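Chains as they are written, first to last, in the working numbering: chain A, 301 to 477; chain B, 96 to 459.
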């Protein structure tokens, strides 16, 4: 029991990390689009749990809300509507393997270099890092709000304008047909 | 009981007790002592009230005034044969009812049924008060739709599939106005915590004639209207029960379900009704606050007066739900989409901007 109390956070982290990675693998290996969508949902929810474990409750809940509740429902809707069947006869590899392996290795090297170069503090010390504003512990919602609307207001607004442009573009493309 | 708690405390150690054992016990107590009995008697109340609306008597055979009818219903559902169609996707078919019920039950852990502890042995009348309370409620409510979609798809039946598709479209359309309409109380209260939102509604306005509940705020009343319409649509109730429209789709997404699995879908729908009503009470009708201080029943111990007020308001909303079912005809699907996208979403957007403006101009 003491072991569970001391390492509960770590156990949960590895559990949800494994679920996230496993779900992501299933998305690209399963042949039925419906199952792929379920696996993607599993990954999204596991990532939300990882956010919660890092005391980033706002980000975690928004992850569930936006990806789990909005985007995945749309995916499922489209998959069910067009009624895709299993894709057994499609070839799994399309002759791009060498290129794909090269790109994957490059990415792996990049992440590896980052991983080696980063100094990781012991986790209990920065437990409240994601819920602190100006050195005062308030809550993750307030911390996210302050960094979005005070510290990084201009980049945030620019990103919003880009998204608006993309949305208008989608509407225009949809009207033409 | 205290002895058992102490034993659990010593067995689990302080951290585990505080974060795992104690919340689990509270959740189980809330579910089995409040939510499940409430749901079974709402079903009876619904049949009775619908009966009176249609000039019938309603169930009156089992027990005095039919009061034991829910028990008979539960026993019947438990004993019924549980059929799984041969061509169904078995694991998804079994999983779907649980996916409907679980998120609805989780939401009960953040709903404040009464005031926070004031010391002197009074408990907190909620399981937890999280920093993102309201957002968590909406996020979990949207997760509940997967049960309907997966159930409809896994049944391998045209009617079920159509029901599942309809519920997906309906959920996507109505969670947008619902999300915007709850921004209004968030703006007025300045917090996402459900306890904080209720506490922000304390006091009176208009020379003490009106409580400062957000429903009596000039934009709050319209936000309440939008929230309630979207909430009824989200819980698949009349007049928005298109995913299970009997006249067109047999029984919609749960056509192939029988026995206890069907009962779980039923349970999820009623749990969602209670959740939508409880959130409406919390956001717009002052939660556990009495309308006037002299009605507060402060003589009751442990803040029970507040709990009584909350439950009274909750029952009023549940009655309105049943009343709607007895009076309104069902919407057509294109009318449903029109209402959501052309009326509720623009209205909710305007309300958010107006509320922000009002708050900027009159900071008090």
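Quick reminder that beta carbons are idealized off the backbone N, C-alpha and C, glycines included.
Bear in mind that the values here come from a model prediction, so they are computed numbers and not experimental data.
Note down the Cα distance separating residue i from residue j, rounded to an integer number of angstroms.
i: residue 129(B); j: residue 209(B); result: 14 Å
i: residue 336(B); j: residue 310(B); result: 26 Å
i: residue 329(A); j: residue 461(A); result: 36 Å
i: residue 386(B); j: residue 408(B); result: 11 Å
i: residue 410(A); j: residue 321(A); result: 19 Å
i: residue 318(A); j: residue 414(A); result: 21 Å
i: residue 197(B); j: residue 396(B); result: 33 Å
i: residue 419(A); j: residue 138(B); result: 59 Å
i: residue 412(B); j: residue 436(A); result: 41 Å
i: residue 235(B); j: residue 312(A); result: 20 Å
i: residue 204(B); j: residue 358(A); result: 17 Å
i: residue 243(B); j: residue 250(B); result: 11 Å
i: residue 390(B); j: residue 163(B); result: 33 Å
i: residue 473(A); j: residue 467(A); result: 10 Å
i: residue 439(A); j: residue 230(B); result: 14 Å
i: residue 314(A); j: residue 351(A); result: 13 Å
i: residue 397(A); j: residue 476(A); result: 37 Å
i: residue 398(B); j: residue 446(A); result: 36 Å
i: residue 470(A); j: residue 436(B); result: 17 Å
i: residue 169(B); j: residue 287(B); result: 38 Å
i: residue 346(A); j: residue 301(B); result: 49 Å
i: residue 449(B); j: residue 292(B); result: 19 Å
i: residue 126(B); j: residue 200(B); result: 8 Å
i: residue 364(B); j: residue 255(B); result: 17 Å
i: residue 362(B); j: residue 133(B); result: 11 Å
i: residue 428(B); j: residue 155(B); result: 36 Å
i: residue 382(B); j: residue 189(B); result: 37 Å
Cβ-heavy atom distance between residue i and the ligand HEM below 7 Å?
i: residue 280(B); result: Among the components of this structure there are no ligands whatsoever, and the ligand HEM is therefore not found.
Give a yes or no on whether the minimum CB-CB distance between residue i and chain B is below 8 Å.
i: residue 467(A); result: no
i: residue 343(A); result: no
i: residue 313(A); result: no
i: residue 463(A); result: no
i: residue 361(A); result: yes
i: residue 473(A); result: no
i: residue 380(A); result: yes
i: residue 446(A); result: no
Under 8 Å, Cβ to Cβ, is there at least one residue of chain A near residue i?
i: residue 52(B); result: Lying before the first or after the last residue shown, residue 52(B) is absent from chain B, which here runs from 96 to 459.
i: residue 354(B); result: no
i: residue 436(B); result: no
i: residue 292(B); result: no
i: residue 122(B); result: no
i: residue 237(B); result: yes
i: residue 452(B); result: no
i: residue 432(B); result: no
i: residue 301(B); result: no
i: residue 248(B); result: yes
i: residue 259(B); result: yes
i: residue 267(B); result: yes
i: residue 443(B); result: no
i: residue 230(B); result: yes
i: residue 148(B); result: no
i: residue 256(B); result: yes
Since residue i sits in a beta bridge, which residues does DSSP pair it with?
i: residue 299(B); result: 306(B)
i: residue 433(A); result: 436(A)
Residue i touches chain A at which residues, Cβ-Cβ below 8 Å?
i: residue 270(B); result: 369 and 370
i: residue 116(B); result: Residues of chain A passing the Cβ test: none, with the nearest at roughly 10 Å.
Excluding five sequence neighbours on each side, which residues of the same chain lie with their C-beta closer than 6 Å to the C-beta of residue i?
i: residue 271(B); result: 440
i: residue 421(B); result: 145 and 148
i: residue 376(A); result: 337
i: residue 295(B); result: 284
i: residue 359(B); result: 192 and 196
Which same chain residues end up closer than 8 Å to residue i when comparing Cβ atoms and leaving out the 5 residues on each side of it in sequence?
i: residue 240(B); result: 262, 263 and 266
i: residue 353(B); result: 175, 176, 177 and 178
i: residue 452(B); result: none
i: residue 442(B); result: 272, 317 and 321
i: residue 152(B); result: 146
i: residue 454(B); result: 282 and 283
i: residue 419(B); result: 327, 332, 333 and 334
Residues of chain B with a CB under 7 Å from the CB of residue i: which are they?
i: residue 441(A); result: 226, 227 and 287
i: residue 364(A); result: 234 and 238
i: residue 456(A); result: Residues of chain B passing the Cβ test: none, with the nearest at roughly 17 Å.
Closer than 7 Å by C-beta to residue i: which residues in its own chain qualify, once you throw out the five before and the five after it? Chain order, please.
i: residue 312(B); result: 283
i: residue 403(B); result: 392
i: residue 298(B); result: 307
i: residue 465(B); result: The displayed coordinates of chain B run from 96 to 459. Any statement about residue 465(B) would go beyond what the structure contains.
i: residue 379(A); result: 333, 334 and 337
Applying a beta-carbon distance threshold of less than 7 Å, which residues of chain A neighbour residue i?
i: residue 263(B); result: 373, 376 and 377
Given that residue i touches chain A, what residues does it touch there, using C-beta distances under 9 Å?
i: residue 244(B); result: 373, 376, 377 and 380
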